[in-house]
Every structure is written in C-alpha cells, then in structure tokens.
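Chemist: For reference, the structure I am asking about is given below.
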Amino acid sequence: MATIAHNLLSYYKGNLSVLAAPPLPPNKDNKWLTIPPGMTPGILPGPPPNGDYYWWEGGAMWGTMVDYWLYTGDTSYNPTAEYAMVYQAGPPANSYEPANWTASLGNDDQGFWGMTAMLAAESNFQNPPEKDPQWLALAQAVFNTQAARWDTQYCNGGLRWQIPLSNNGYDYKNSIANGIFFNLGARLARYTGNDSYATWAETAYNWTADVGYIDSSFNIYDGAHVEHNCTDINKAQFSYTAAAFIQGAGFMYNYTNGSALWGQRLTSLTNRTLDVFFPNGIAVELACELPASIQCTPDMLSYKCYLHRWLAQVTQMAPFLSPTILPVLKTSTQAAMKNCNPDGTCGFRWTTGSYDGLTGAGQEMNALGALMSVMITLEPVKAALTNLTGGTSVGNAAAGVGSTVSVTTYGPITAGDRAGASILTILIISGIVSMLVWMSTGEGEGFRLGLFGKGKGML
Numbered sequence: 006m007a008t009i010a011h012n013l014l015s016y017y018k019g020n021l022s023v024l025a026a027p028p029l030p031p032n033k034d035n036k037w038l039t040i041p042p043g044m045t046p047g048i049l050p051g052p053p054p055n056g057d058y059y060w061w062e063g064g065a066m067w068g069t070m071v072d073y074w075l076y077t078g079d080t081s082y083n084p085t086a087e088y089a090m091v092y093q094a095g096p097p098a099n100s101y102e103p104a105n106w107t108a109s110l111g112n113d114d115q116g117f118w119g120m121t122a123m124l125a126a127e128s129n130f131q132n133p134p135e136k137d138p139q140w141l142a143l144a145q146a147v148f149n150t151q152a153a154r155w156d157t158q159y160c161n162g163g164l165r166w167q168i169p170l171s172n173n174g175y176d177y178k179n180s181i182a183n184g185i186f187f188n189l190g191a192r193l194a195r196y197t198g199n200d201s202y203a204t205w206a207e208t209a210y211n212w213t214a215d216v217g218y219i220d221s222s223f224n225i226y227d228g229a230h231v232e233h234n235c236t237d238i239n240k241a242q243f244s245y246t247a248a249a250f251i252q253g254a255g256f257m258y259n260y261t262n263g264s265a266l267w268g269q270r271l272t273s274l275t276n277r278t279l280d281v282f283f284p285n286g287i288a289v290e291l292a293c294e295l296p297a298s299i300q301c302t303p304d305m306l307s308y309k310c311y312l313h314r315w316l317a318q319v320t321q322m323a324p325f326l327s328p329t330i331l332p333v334l335k336t337s338t339q340a341a342m343k344n345c346n347p348d349g350t351c352g353f354r355w356t357t358g359s360y361d362g363l364t365g366a367g368q369e370m371n372a373l374g375a376l377m378s379v380m381i382t383l384e385p386v387k388a389a390l391t392n393l394t395g396g397t398s399v400g401n402a403a404a405g406v407g408s409t410v411s412v413t414t415y416g417p418i419t420a421g422d423r424a425g426a427s428i429l430t431i432l433i434i435s436g437i438v439s440m441l442v443w444m445s446t447g448e449g450e451g452f453r454l455g456l457f458g459k460g461k462g463m464l
C-alpha cells in the first residue's frame, strides 16, 4: 500500500515535504515545504492542455491521502496534504473558491474540496495553525456558499452544475453537485449536532428524488437542463454519484439513530449500486468502461476510489450493511490488485485479471482506495468523530457568507416547503453579494473539453 501511495504522490508536483533548505517556515513535523518553480500547491498537473487533471481532483487526492493516514498511521505525507489543502482554501472567504479557478468553478468541484475538509475534521487530521482556516470551518464555508445558491426559480430547487453564468453547464442541474451538498449537510449535522444541516440534507435528497434523478429502483441519473424544467433527464450513471448519496444516507441513518426511512433509503441505494457498478463483484465504471474500449476522461478514471472508500465507511455508520458491502469490496479489491505491477503501478480495467497498462493518478487512487476499503475490518480504524466524541477541529457556522449569518438562523425546510427555502436563500444571498462579485473574477482554467463536456458530467 505504501508503494501505491508513493506512486500516487509522484504525479503531484505542487509542494513536497523534504528535509531541505527552508524556503518556507518549518511545520509542526520540522520538515520544510518546497514549491518547485512554476508549480501551484494543492493541484495535480493541469488543466488540459497543460496536464491531464482538473482542480477538483487535487481535492479528491488529498481526501484519499487523509484516509491513507487514518488507515495506516503513516504520517509521511501529512505536511504536504495539510499545506496543499490550506493553500487552495481561497481567502478571504476560505470556501474553496480560489481566484484562479472561480471563472470555471462548478458546485461539484468546490464540494469535493469541502468533503476533504470534512473528512479531515472527522478524522482529527493534524489541524492547521490557528492563523489558518480550520477543517470544520472550511467545510461549513463550502456548505454555506452552496446553500445560498439553492435555486428555486427553475425545477423547484436544486443546485446548478456550474457557478458562473458564462460556463458551459450553468443551465444544467446535476446529481453529483446536489449529492455532494446532501453529503456535506448530513456529515455536518452529525459532527455538530445542528439539525439545520440535516434539514438541508433532507431537502437536497428529496429534491433529487422528486425531480426524477433518483428513480423508483434507486438508479441515480446524471442530470437535466433548467430550460426543460429538468425533465430531459440524461440517464448516464456514474459510480461516484451513487457513492456520494450512499455515504450521505449512511450519515443520516446514523445521525437519526437508525430511522426506518433512512435505513430503507440507504439499503435500497446500496443494493442498486452494487448491482449496477459491481458486475461479477468487480467495480466497473459503466458509462465509459465499455467492453470494446475505454472512453473515460481522466476525471472518470478515479471514480472507483471514491466508490470503494465511501461504501466502506457506510459499514461504520450502518453496521447492518457490512455483510452486504464487505464481501463485494473484497472481491473487487482482489481484482484491482491483479491489475497492479510489483512496483505499485496500477491499471484501470480490473476485470481483465492482469495489468492493462492504462496508468495515471486516478488509477493509483483507485487501487489505494480499494485496499483501504478492505482494511476497515482488519485495522482499528476509527469511525468518523463528532465534536462530542473527540473531534477537535474548530468550526464557524457563518463561514463563507461574509456576515454573521449562522446556520442556526435557517428555518426548517422540507421538500414541500419550497417557498420557505426561497426566502432563506434570499436572506443568505443578501449577506454575500460582495463575495459573489469576487467569485466572478479571476483567471479560469477554461472549459473542460472532454468526451462529455466540462469534466465529470454529461450534458
């Protein structure tokens, strides 16, 4: 596992933890952080044509490395991860909207960094210095800025895929953006004990189901366009979207002390996801991993990592699902390891029974995520902490909104109370107009011209 982790970080050039000459002050581990010329801390090389990777995947990688530390106790990469995650926070709001990326920012992109910050808080990952933004506050800032974007003008609610009006995808409301918002709300509710987050999570889940993105069989489809009132549903399915909803549902089940409703939702989502994305027990990215060819973008080549990691965590939030989930993860992981060379270089198509030669950061993340998913029963891996069970990260309920607005001031919102949601959204927006103006500026990464348009989703 250490070899695969090392190989993954070999793709990262932004900042390295070394015992070397000090261009920056030493961190708490007495290591110096160096930034190679022309490189930006926190991100993988890119975006295209300057490299294969988009901004969001850096956040996804650091989440994987936080889990790597949690599962193994190996602190080798912690200084690098901490510095990278703080560097990309995006002052002054510290809501993962850094100026260099705001012109091409999606809610899902921002949300991935928010989930990584949330994981750091839940894991008691080493806290940044007091002068820097803290993990819980970073996750709250992401959540608050997204709650302010909840759009009831079209489709009776939901988040748009893209944030800037000019972006390809601004007219598209997709399941991954709303799934991540749901996921963050569920986890913030459990960590803080604040029911307002849970109310928002319920709203996001209900909207996704009501609009038809989650169907009666618990398939989760990609999204639809606002000009069609979100009725032209694109029925592509991606594994990380399903996993984001499953993880969020697991946290809601745990937070509600095992409610029957969330137990039923969680079980149905899990069973359908295992059926769809694990044919013969081995993870397959069905939308692009076709029998005759691989048509995945670099984004999609990393989705199996999140699928494995988040399913594994559900077994801690809802142990009754362990007999359903863990055998499948074991079979899939065994197949993944057959696609890795002895030097830890791993391929993508796990169903081949041997190394397929298709390598990259996403493929290394996949293999690492798979290995960690089966370690959850072999090692004393702690379940996600809360502020009552040992979590030490400092929060700020008003983070990201540029005012003193607190989450506790939000009134209750349900699927049937869309008018209330609109009023609350207006109240929040009134406090962040200046921030929204700032968000519309900055150098962008440009449009992601991949197989399915801008990055991860399909238009």
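The sequence shown begins at 6 in this note's numbering and counts up by one.
C-beta: ideal position from N, C-alpha, C; glycine also.
1. Just checking my contact of residue 366 with residue 49 at CB under 8 Å: how many whole Å lie between their CB atoms?
2. With H, G and I counted as helix, E and B as strand and the rest as coil, what does DSSP make of residue 185?
3. Using the Cα positions of residue 46 and residue 79, report the straight-line distance between them to the nearest angstrom.
4. Roughly how many angstroms lie between the CA atoms of residue 306 and residue 352, to the nearest whole one?
5. Work out the CA separation of residue 81 and residue 363 for me, nearest whole Å.
6. For residue 218, which residues in the same chain have their Cβ closer than 7 Å to its Cβ, ignoring the five residues on either side in sequence?
7. Does the structure place the stretch 261-271 close enough to the stretch 307-315 that three or more beta carbon pairs sit under 8 Å?
8. Can you give the Cα-Cα distance for residue 138 and residue 384, rounded to whole angstroms?
9. Which partner residues of residue 177 appear in the DSSP bridge assignment?
10. Given this structure, state the Cα-to-Cα distance separating residue 110 from residue 368, to the nearest angstrom.
11. If we require 4 or more residues per run, which alpha helix (DSSP H) segments fall completely within the stretch 334-408?
12. If you check the beta carbons only, do residue 85 and residue 16 fall under 9 Å apart?
13. In the DSSP assignment, find the unbroken alpha helix (DSSP H) run with residue 314 in it and report its ends.
14. Quick check on this structure: which residue in 157, 183 and 152 has the alpha carbon closest to the alpha carbon of residue 166?
15. Terminal residues of the continuous alpha helix (DSSP H) containing residue 125?
16. Looking only at its own chain, which residues have a Cβ that is under 7 Å from the Cβ of residue 3, when we skip the five neighbours before and after it?
17. Would you mind sorting residue 337 into buried or exposed? The rule is 16 or more other CB atoms within 10 Å of its CB.
18. Using CA atoms only, rank isn't needed, just tell me which of 88, 160, 169 and 301 is closest to residue 115.
19. Among 83, 404 and 350, which has the Cα closest to the Cα of residue 6?
20. Would you call residue 198 buried or exposed, if buried means 16 or more other Cβ atoms sit within 10 Å of its Cβ?
21. Tell me whether the beta-carbon of residue 282 lies closer than 9 Å to the beta-carbon of residue 271.
22. For residue 64, which option in 44, 280, 77 and 113 has the closest C-alpha, if you only look at C-alpha atoms?
23. With a cut-off of 8 Å on the beta carbons, I'd call residue 193 and residue 269 a contact; round off their distance for me.
24. Out of curiosity, what's the CA-to-CA distance linking residue 285 and residue 158?
25. For a quick check, are the C-beta atoms of residue 72 and residue 374 less than 9 Å apart?
26. Using a Cβ-Cβ distance cut-off of 9 Å, determine whether residue 199 contacts chain B.
27. Need the endpoints of the alpha helix (DSSP H) that residue 275 sits in, please.
28. Below 6 Å CB to CB, which residues in the same chain sit around residue 309 once its five sequence neighbours on both sides are set aside?
29. Quick check: what's the CA-CA separation for residue 232 versus residue 173?
30. Between 276, 209, 191 and 185, which lies nearest to residue 156 when the distance is taken from Cα to Cα?
Modeler: Let me lay it out:
1. Their Cβ separation, rounded to whole angstroms, is 6 Å, which keeps residue 366 and residue 49 in contact under 8 Å.
2. When DSSP states are grouped into helix, strand and coil, residue 185 belongs to the helix group.
3. Taking the straight line from one Cα to the other gives about 21 Å.
4. Approximately 10 Å, taken between the alpha carbons.
5. Distance between residue 363 and residue 81, taken at the CA atoms: about 27 Å.
6. Same-chain partners within the cutoff: 180, 225, 226, 228 and 238.
7. Touching, no, given that fewer than three Cβ pairs across the two stretches are closer than 8 Å.
8. C-alpha separation (whole angstroms): 31 Å.
9. When beta bridges are read from the DSSP output, residue 177 appears opposite 230.
10. Going from the Cα of residue 110 to the Cα of residue 368 covers about 24 Å.
11. You should have 366-380.
12. Not in contact: residue 85 and residue 16 (Cβ atoms no closer than 9 Å).
13. If you look at residue 314, you'll find it in the alpha helix (DSSP H) that goes 308-322.
14. Check the Cα spacing between residue 166 and each of 157, 183 and 152: the tightest is with 183.
15. Taken as a continuous stretch (DSSP letters only), the alpha helix (DSSP H) holding residue 125 covers 112-128.
16. The requested residue 3 is not part of the displayed model; the chain covers only 6 to 464.
17. With at least 16 other beta carbons inside 10 angstroms of its own, residue 337 counts as buried.
18. It is 169 whose Cα lies nearest to the Cα of residue 115.
19. Checking every option, the nearest Cα to that of residue 6 belongs to 350.
20. When all chains shown are included, residue 198 counts as exposed.
21. Contact: no.
22. Considering only 44, 280, 77 and 113, the residue with the shortest C-alpha distance to residue 64 is 113.
23. Actually they are not in contact, since the Cβ atoms of residue 193 and residue 269 sit about 23 Å apart, beyond 8 Å.
24. Each residue's Cα considered, the two are about 43 Å apart.
25. Yes, they are a contact pair.
26. The structure shown has no chain B; it contains just one protein chain.
27. Its alpha helix (DSSP H) spans residues 265-282.
28. Correct list, in chain order: 288 and 371.
29. Each residue's alpha carbon lies about 14 Å from the other.
30. Closest option to residue 156, Cα to Cα, is 209.
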